[in-house]
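A.B. asks: Residue numbers (the working numbering), protein chains in the order written: chain A, 228 to 608; chain B, 288 to 446; chain C, 74 to 458.
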Amino acid sequence: MEPVAIVGVGMTEMRRERKADGYADLVYEATRKALDDAGMEIGEVDNVVTVSNDFFDGRTISSMAVQDACGSYDKNVSTVEGDGTFGAAYGLMRILSGSFGTTLVCVHHKGSESRMPLITNAMFDPIYERFLGIEAITSSALQARAYMDKYGITEEQCALVSVKNHRNAFKNPFAQLPLELTVEEVMASPYIADPIKLLDCCPISDGASAVILASEERARKLDVKPVWVKGVAYCSDAYHLGDRDLSDVRALEEAARKAYAMAGIGDPARKVDLVELYDAFTYMELMWLEGLGFCARGEGGKLAASGDTAADGRLPVNASGGCLSGNPVLVAGLNRIIECALQVRGDAGERQVDGVKTAVAHGINGPCGQSHCVWVLGGEK
Amino acid sequence: MAMAEEKKLLITLESGEAEQPFRWSAGIYGSRFLTELRDNKRFVGIRCPKCGKVYVPPRRVCGPCFVELSELVPVSDEGEIVTYTVVSFGFVDPATGKQKPVPYGYAVIKLDGADTYLLHYVDETDPAKIRVGARVKAVFEEERTGSMLDIKHFELLER
Amino acid sequence: MTKQRSSRPDVNGKELINEAVRMALDDAGMTRKDIDAVVIGNMDHFEGINYVDTWSVDGSGALMKPIMKLTTGGTTGSTIAMAAYYHVASGLFDRVLAIGWEKNSESDTTGAIITAFDPFWDRPIFAGAVAGLALEATQYMHLTGATEEDAAYVAVRERKHALNNPYAHLHMNLTIEDVMKSPYLSWPVKMGDMCPRTDGACALVFASEDVAEDFPQKPAWFLGVANRHLWAYTSDPYVNQAIENGWWFPAMEWSAKELYDKVGITDPLEQIDVAELYLPYSFAGLRYMESLGFCGRGEGPALVRSGAFDMGGKCPVNPSGGVMSSNAIGATGLIRVAECVWQIQGRAGDRQVPEVKVALATGFGGCFWSDIMLLGADKPEKVRG
Ligand SMILES: [Zn+2]
Numbered sequence: 228m229e230p231v232a233i234v235g236v237g238m239t240e241m242r243r244e245r246k247a248d249g250y251a252d253l254v255y256e257a258t259r260k261a262l263d264d265a266g267m268e269i270g271e272v273d274n275v276v277t278v279s280n281d282f283f284d285g286r287t288i289s290s291m292a293v294q295d296a297c298g299s300y301d302k303n304v305s306t307v308e309g310d311g312t313f314g315a316a317y318g319l320m321r322i323l324s325g326s327f328g329t330t331l332v333c334v335h336h337k338g339s340e341s342r343m344p345l346i347t348n349a350m351f352d353p354i355y356e357r358f359l360g361i362e363a364i365t366s367s368a369l370q371a372r373a374y375m376d377k378y379g380i381t382e383e384q385c386a387l388v389s390v391k392n393h394r395n396a397f398k399n400p401f402a403q404l405p406l407e408l409t410v411e412e413v414m415a416s417p418y419i420a421d422p423i424k425l426l427d428c429c430p431i432s433d434g435a436s437a438v439i440l441a442s443e444e445r446a447r448k449l450d451v452k453p454v455w456v457k458g459v460a461y462c463s464d465a466y467h468l469g470d471r472d473l474s475d476v477r478a479l480e481e482a483a484r485k486a487y488a489m490a491g492i493g494d495p496a497r498k499v500d501l502v503e504l505y506d507a508f509t510y511m512e513l514m515w516l517e518g519l520g521f522c523a524r525g526e527g528g529k530l531a532a533s534g535d536t537a538a539d540g541r542l543p544v545n546a547s548g549g550c551l552s553g554n555p556v557l558v559a560g561l562n563r564i565i566e567c568a569l570q571v572r573g574d575a576g577e578r579q580v581d582g583v584k585t586a587v588a589h590g591i592n593g594p595c596g597q598s599h600c601v602w603v604l605g606g607e608k
Numbered sequence: 288m289a290m291a292e293e294k295k296l297l298i299t300l301e302s303g304e305a306e307q308p309f310r311w312s313a314g315i316y317g318s319r320f321l322t323e324l325r326d327n328k329r330f331v332g333i334r335c336p337k338c339g340k341v342y343v344p345p346r347r348v349c350g351p352c353f354v355e356l357s358e359l360v361p362v363s364d365e366g367e368i369v370t371y372t373v374v375s376f377g378f379v380d381p382a383t384g385k386q387k388p389v390p391y392g393y394a395v396i397k398l399d400g401a402d403t404y405l406l407h408y409v410d411e412t413d414p415a416k417i418r419v420g421a422r423v424k425a426v427f428e429e430e431r432t433g434s435m436l437d438i439k440h441f442e443l444l445e446r
Numbered sequence: 074m075t076k077q078r079s080s081r082p083d084v085n086g087k088e089l090i091n092e093a094v095r096m097a098l099d100d101a102g103m104t105r106k107d108i109d110a111v112v113i114g115n116m117d118h119f120e121g122i123n124y125v126d127t128w129s130v131d132g133s134g135a136l137m138k139p140i141m142k143l144t145t146g147g148t149t150g151s152t153i154a155m156a157a158y159y160h161v162a163s164g165l166f167d168r169v170l171a172i173g174w175e176k177n178s179e180s181d182t183t184g185a186i187i188t189a190f191d192p193f194w195d196r197p198i199f200a201g202a203v204a205g206l207a208l209e210a211t212q213y214m215h216l217t218g219a220t221e222e223d224a225a226y227v228a229v230r231e232r233k234h235a236l237n238n239p240y241a242h243l244h245m246n247l248t249i250e251d252v253m254k255s256p257y258l259s260w261p262v263k264m265g266d267m268c269p270r271t272d273g274a275c276a277l278v279f280a281s282e283d284v285a286e287d288f289p290q291k292p293a294w295f296l297g298v299a300n301r302h303l304w305a306y307t308s309d310p311y312v313n314q315a316i317e318n319g320w321w322f323p324a325m326e327w328s329a330k331e332l333y334d335k336v337g338i339t340d341p342l343e344q345i346d347v348a349e350l351y352l353p354y355s356f357a358g359l360r361y362m363e364s365l366g367f368c369g370r371g372e373g374p375a376l377v378r379s380g381a382f383d384m385g386g387k388c389p390v391n392p393s394g395g396v397m398s399s400n401a402i403g404a405t406g407l408i409r410v411a412e413c414v415w416q417i418q419g420r421a422g423d424r425q426v427p428e429v430k431v432a433l434a435t436g437f438g439g440c441f442w443s444d445i446m447l448l449g450a451d452k453p454e455k456v457r458g
């Protein structure tokens, strides 16, 4: 893969409701910040990829609302419907094709405007599953139970993730939900869908973010510290929950295997300095750490309990506070990439981790992490 | 199995009356526009500091200039027709779930003082009586709620 | 490509997708194993399925493979084609499956299209695609003096072409009189001027230069792509560009100019052998010929009526019968590309145009958005993406 760099990033603050801002307002804010971060003018953006979801926006062709605000006027532009990590992957391909020197990728989401369970219920098959009322939380509860039973993972181990990530969020001004919690408090929070409790869940959020990718030639012309894309891969498992072993993370393993191979990483546990992954629920952090190869299958609980994943641990995971501390869907994936880029640059402010040379960002699409996207970023080309 | 027999066996599933309710934000300037309509029966636009274009309804960003807008300016409740049609096919209005009554006149309208256009009804259902360039004036509802439907329609000033 | 039909209650969406996928794989002499990545698109609210990428894997064959969903409204099919092109051109994948599909029979098409527009400014008033296009037709007639009969000529031509295409949804032998007598849907647009709503799917295999010649069929090469998705509100596109700054239809004119400049097209009528265009209604067949550079402003009707775009004409337009004969929206733009491929390969059956070297495919939708692609029989030195 030819070298491509992240040269600019922009995030809005994630909040429960940003009532004053429509989609276009949020996207403009994030795009402006990314341009300023890169020291670029909109005219230096060669093409644009917007990311949105028609269901979440209650709008067919949800990208239409942001065409003014993302600066796509008189540019080639396209729209990915899915997590921001996937949209950014397409933005990367458009540079690798040789057609464009720079791509702006922007993504927006307003969870405050709809009723989330009705939207995520629509992920499920209309004929065989939807009538059950199954949606993101209840399906994830099935996965959590399958995973915990198979490997003897405890609810306390999951609760540790909630305590850690909400605490990390205090250092992140963009986060929505910094909380000082104890394991007991998480354990005492009410069950939403056994074994998932209220404090195991991400919040509903509004927000937008943007990233500017550039070819090596274009990146060198900018006065920025480029963050190089070392590897990117994505992979989907089966759809019907009954067709999957829900405790299995094979699609993530496959995506991670390819991404690491591109990055020349043989042993991720040694080579990776920081991870930002899609922790929509606490158990997911444990499972995804296994799928990403940071511990053996079934060892995620022990890894969480070891303290290694703390912000000052051996392998900081979600030092930003993760999705548990702010989850504008779709945006949340791109925010994982942005957090990794900031860490690699040394620009993560109070949440900066020392000596981050290589970072892994991760996003998901579909029910129970059916489809995974893995990014490896580094400071060296 | 014969084709006709097989067809009889095919099942479709009706989604029923279920719908997904939304609560969209109009944004700061959109809210000002709708408030002016509701409270004062007046139109406001927003001027681009770079190209000078007046957007109605107001939006936050001028796409071509990619700059933020903030200068609200009054625009007239009168204007002219840019293009028009008369809708005569029946369809279900997704906002109400009911059949929209047809026919109705419908036009893209340039208000005096604006550079972009509004889509709205005109009080005429005979296309031969409407023309591009015809002058129109907004007619407001008595009861107004802060929506585009606070404008009942645009009245043709010449027939 | 599945046969395009008004309704396919015999298959669910995934099975419809799978029909097209299996046809494409068989045609390419491939199995599911050989696919490196999948791109898929449709318009969510036509079937009411969220996350179609993950929902569809049984049909698309993307199990344990990379799959990405793109959606841009009417341009979805052409967006998919471009995405598959960029996937391959990136060097990350050698064989990419592109899928566009729609089961328009599963919902109220006009209702779903209305929800494409801004909930505050547009939606309370907007009456869907037919009325939006009628506004364009009125403006075009006002600016050029084109007539409803001129448009009817296009409607008749497209339906006549469809008689040669077993995949087409509508097979109608119409006269200009028939179209003129059909009821108004939204003046000046009549029933006979509009596309149908269709169930259908289309799948294509895109291959990198390294492997393109390993397939049983000779490849059709991408020469270049371009697009513009201008505007955010329904009434934005009606800005009178002729008066304003010399452009009539900037999205289409700018994307066409960019593509022609990149590929070296100076005289489209002479240099392009066949065109499969997203013409959703008859008036588009007049105005868009101007915007695509086949003639000057207002000259569309005369050139169309000269027969230049009929079968046997200088540059036959929509030998397949086009969108006015079949419109499974998410598949439609991709079908334009598929038809160009068949024309270049000489496999278009009764609708074959002789000796096709260069073919033009377009997508249209959203807020008068435009996607445009050129394909060729000869491998280009460099693709202009
Ligand atoms: Zn401006």
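Just so you know, even glycine gets a beta-carbon here, dropped at the ideal spot from N, CA and C. Computed from a predicted model, the values in this text were never measured in an experiment.
1. Does C/T75 get closer than 8 angstroms to chain B when you measure Cβ to Cβ?
2. Counting only Cβ-Cβ distances shorter than 9 angstroms, please list the residues of the segment 325-354 of chain B near chain A, keeping chain order.
3. Check the Cβ of B/V379 against every Cβ in chain C and list those closer than 8 angstroms, keeping chain order.
4. If you measure from the CB of B/P344, is any heavy atom of ligand 1 nearer than 7 angstroms?
5. By Cβ distance, which residues of its chain are closer than 7 angstroms to C/D251, with the 5 residues on each side in sequence left out?
6. Any chance the CB of B/K337 is under 7 angstroms from a heavy atom of ligand 1?
7. Mind listing the chain B neighbours of A/Q294? Cutoff is C-beta to C-beta under 9 angstroms, in chain order.
8. At a CB-CB cut-off below 8 angstroms, which residues of chain B make contact with A/G285?
9. Counting only C-beta atoms, is C/P389 closer than 8 angstroms to chain B at any point?
10. Alpha carbon to alpha carbon, how far is A/I346 from C/A219?
11. By how many angstroms is the C-alpha of C/D223 removed from the C-alpha of C/D109?
12. Going by C-alpha to C-alpha distance, which of C/K106, C/N238 and C/K142 sits closest to C/G403?
13. Which residue marks the beginning of the alpha helix (DSSP H) containing C/W327, and which one marks its end?
14. For C/K330 and chain A, any beta-carbon pair shorter than 8 angstroms?
15. What are the residues of the segment 403-425 of chain B that lie near chain C, defined by any Cβ-Cβ distance shorter than 7 angstroms?
16. Would you mind working out which of A/K608, A/N592 and A/A575 sits nearest C/I140, comparing C-alpha positions?
17. Rounded to whole angstroms, what's the CA-CA distance from C/A315 to C/L258? Just pull it up for me.
18. Residues in the segment 248-261 of chain C with C-beta within 9 angstroms of chain B's C-beta atoms, listed in sequence order?
19. What does A/L323 touch in chain C if you count any residue whose Cβ is under 9 angstroms from its own?
20. Which runs of the beta strand (DSSP E) at least 3 residues long sit entirely within the segment 433-505 of chain A? Give them in chain order.
21. Let me check understanding here. Comparing Cα to Cα, which of C/Y158, C/A200, C/N246 and C/I172 lies closest to C/M96?
22. In three-state terms, what does DSSP make of A/I564?
23. Using the Cβ count rule (16 or more neighbours within 10 Å means buried), how would you classify C/E88?
24. Please say whether A/P230 and A/W455 have beta carbons closer to each other than 8 angstroms?
25. Just by C-beta distance, which residues in the segment 365-383 of chain C are closer than 8 angstroms to chain B?
26. In its own chain, which residues sit with a C-beta less than 6 angstroms from the C-beta of C/A280, not counting the 5 before and 5 after it?
27. Please indicate yes or no: does the CB of B/C352 lie closer than 7 angstroms to some heavy atom of ligand 1?
28. Measuring straight from C-alpha to C-alpha, what distance separates A/A368 and A/T239?
29. Is B/C349 near ligand 1, judged by its Cβ being under 7 angstroms from some heavy atom?
30. Residues of chain C with a CB under 7 angstroms from the CB of A/D301: which are they?
31. Do B/Y371 and C/T211 have their beta-carbon atoms positioned less than 8 angstroms apart in this structure?
32. Quick check on A/I269: does DSSP put it in helix, strand or coil?
33. I'd like to confirm something about B/K340: is its beta-carbon nearer than 7 angstroms to some heavy atom of ligand 1, or not?
34. Look up B/Y342 in the DSSP assignment and say whether it is helix, strand or coil.
35. When the Cα atoms are used, what is the spatial distance from C/I187 to C/R196?
C.D. replies: If we stick to the structure as given:
1. Taking the first residue of the third sequence as position 1, residue 75 of chain C is located at position 2. Not an interface residue.
2. R346, R347, V348, C349, G350, P351, C352 and F353
3. As a first step, residue 379 of chain B is located in the second sequence; it is residue number 92 there, counting from the start. The answer, in chain order, is D181, T183 and G184.
4. As a first step, residue 344 of chain B is located in the second sequence; it is residue number 57 there, counting from the start. No; taking the cut-off as 7 angstroms, the Cβ of B/P344 has no heavy atom of ligand 1 nearer than that.
5. By one-based count along the third sequence, residue 251 of chain C stands at place 178. Closer than 7 angstroms at the Cβ level, and outside the excluded window around C/D251, lie G265.
6. As a working mapping, residue 337 of chain B is identified with position 50 in the second sequence. Yes, the beta carbon of B/K337 sits closer than 7 angstroms to at least one heavy atom of ligand 1.
7. The residue you call residue 294 of chain A lines up with position 67 of the first sequence. G350, listed in chain order.
8. In the first sequence, counting from the first residue as 1, residue 285 of chain A sits at position 58. Going along chain B in sequence order, the residues near A/G285 (Cβ under 8 angstroms) are Q307, F309 and W311.
9. Stepping through the third sequence from its first residue, residue 389 of chain C is reached at position 316. No, no contact with chain B.
10. In the first sequence, residue 346 of chain A corresponds to position 119, counting from 1. In the third sequence, residue 219 of chain C corresponds to position 146, counting from 1. Their backbone Cα atoms lie some 46 angstroms apart in a straight line.
11. Position 36 of the third sequence, counted from the first residue, corresponds to residue 109 of chain C. Position 150 of the third sequence, counted from the first residue, corresponds to residue 223 of chain C. Spanning the two alpha carbons is a distance of roughly 47 angstroms.
12. Here the question's residue 403 of chain C lines up with position 330 in the third sequence. Per the Cα distances, C/K142.
13. Walking along the third sequence from the start, residue 327 of chain C turns up at place 254. Element bounds for C/W327: P323 to V336.
14. Stepping through the third sequence from its first residue, residue 330 of chain C is reached at position 257. Not an interface residue.
15. T403, Y404, L405, L406, H407, Y408, P414 and V419
16. Counting from 1 along the third sequence, the entry for residue 140 of chain C is found at position 67. Looking at the Cα atoms, A/N592 is the closest of the given residues.
17. Against the third sequence, residue 315 of chain C aligns to sequence position 242. Against the third sequence, residue 258 of chain C aligns to sequence position 185. With a pLDDT of only 46 at C/A315, under the threshold of 50, the placement of this residue in the model should not be trusted; the figure read from the coordinates follows. The straight-line gap from Cα to Cα measures roughly 28 angstroms.
18. P256, Y257, L258, S259, W260 and P261
19. By 1-based counting over the first sequence, the position of residue 323 of chain A is 96. Here the neighbours are Y159, A162, S163, G164 and L165.
20. 433-442, 454-463 and 501-503
21. The count along the third sequence starts at 1 and reaches residue 96 of chain C at position 23. It is C/I172 whose Cα lies nearest to the Cα of C/M96.
22. The count along the first sequence starts at 1 and reaches residue 564 of chain A at position 337. It is helical.
23. Position 15 of the third sequence holds residue 88 of chain C. Result: exposed.
24. Position 228 of the first sequence, counted from the start, is the residue given in the question as residue 455 of chain A. Position 3 of the first sequence, counted from the start, is the residue given in the question as residue 230 of chain A. The answer is yes: Cβ separation under 8 angstroms.
25. none
26. In the third sequence, the residue the question calls residue 280 of chain C occupies position 207. Taken in chain order, the residues that qualify are R168.
27. Taking the second sequence and counting its residues from 1, one reaches residue 352 of chain B at position 65. Yes, Cβ of B/C352 sits closer than 7 angstroms to a heavy atom of ligand 1.
28. On the first sequence, position 141 is the one that residue 368 of chain A refers to. On the first sequence, position 12 is the one that residue 239 of chain A refers to. Taking the straight line from one Cα to the other gives about 30 angstroms.
29. Reading the second sequence from its first residue, position 62 is the one you call residue 349 of chain B. Yes, since a heavy atom of ligand 1 falls inside the 7 angstroms radius drawn around the Cβ of B/C349.
30. Looking up residue 301 of chain A in the first sequence gives position 74. Simply R301 and W327.
31. Here residue 211 of chain C corresponds to residue number 138 of the third sequence, with the count starting at 1. Here residue 371 of chain B corresponds to residue number 84 of the second sequence, with the count starting at 1. Yes, the pair counts as a contact, with Cβ atoms nearer than the cut-off.
32. Start at 1 with the first residue of the first sequence, and residue 269 of chain A comes out as number 42. Reduced to three states, the DSSP call for A/I269 is helix.
33. As a working note, residue 340 of chain B is residue 53 in the second sequence. Yes, ligand 1 has a heavy atom inside 7 angstroms of this Cβ.
34. As a first step, residue 342 of chain B is located in the second sequence; it is residue number 55 there, counting from the start. Three-state DSSP puts B/Y342 in a strand.
35. For the purposes of this step, residue 187 of chain C is taken as residue 114 along the third sequence, with counting starting at 1. For the purposes of this step, residue 196 of chain C is taken as residue 123 along the third sequence, with counting starting at 1. So the alpha carbons of these two residues sit roughly 6 angstroms apart.
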